[in-house]
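Notes for the one structure printed next.
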């Protein structure tokens with residue numbers, strides 16, 4: 001997985017009834033766009049994230065997901 005600052009991560013719910021979440025990448029801490037990422041949730045909460053297989057990168061400049 002590779003991403004850039006400004007990209008969004010779409011994190012799919014892991015259990016039935018759990019909603020998908022979208023977070024914004026505010027800092028890339030890995031080499032060449034790889035995890036971990038510092039992300040900001042819609043409520044303003046910030047954390048470090050190393051996304052799993054349930055996550056899709058949505059580039060800032062396009063609506064097309066990339067994995």
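Numbering (full-length UniProt numbering), first residue to last: 1 to 67.
By construction, the Cβ of each residue, glycine as well, lies at the ideal position given by its N, Cα and C atoms.
{"Query": "Option nearest residue 24 by Cα separation, candidates 48, 54, 52", "Result": "48"}
{"Query": "Candidates 52, 28, 45, of which the one nearest residue 4 by Cα", "Result": "28"}
{"Query": "Residue 42, DSSP secondary structure in three states", "Result": "coil"}
{"Query": "Rounded distance between the beta-carbons of residue 39 and residue 31, thought under 8 angstroms", "Result": "In fact, because the Cβ distance is near 18 angstroms, the residues do not count as touching under 8 angstroms."}
{"Query": "Residues bridged to residue 8 (per DSSP)", "Result": "24, 58"}
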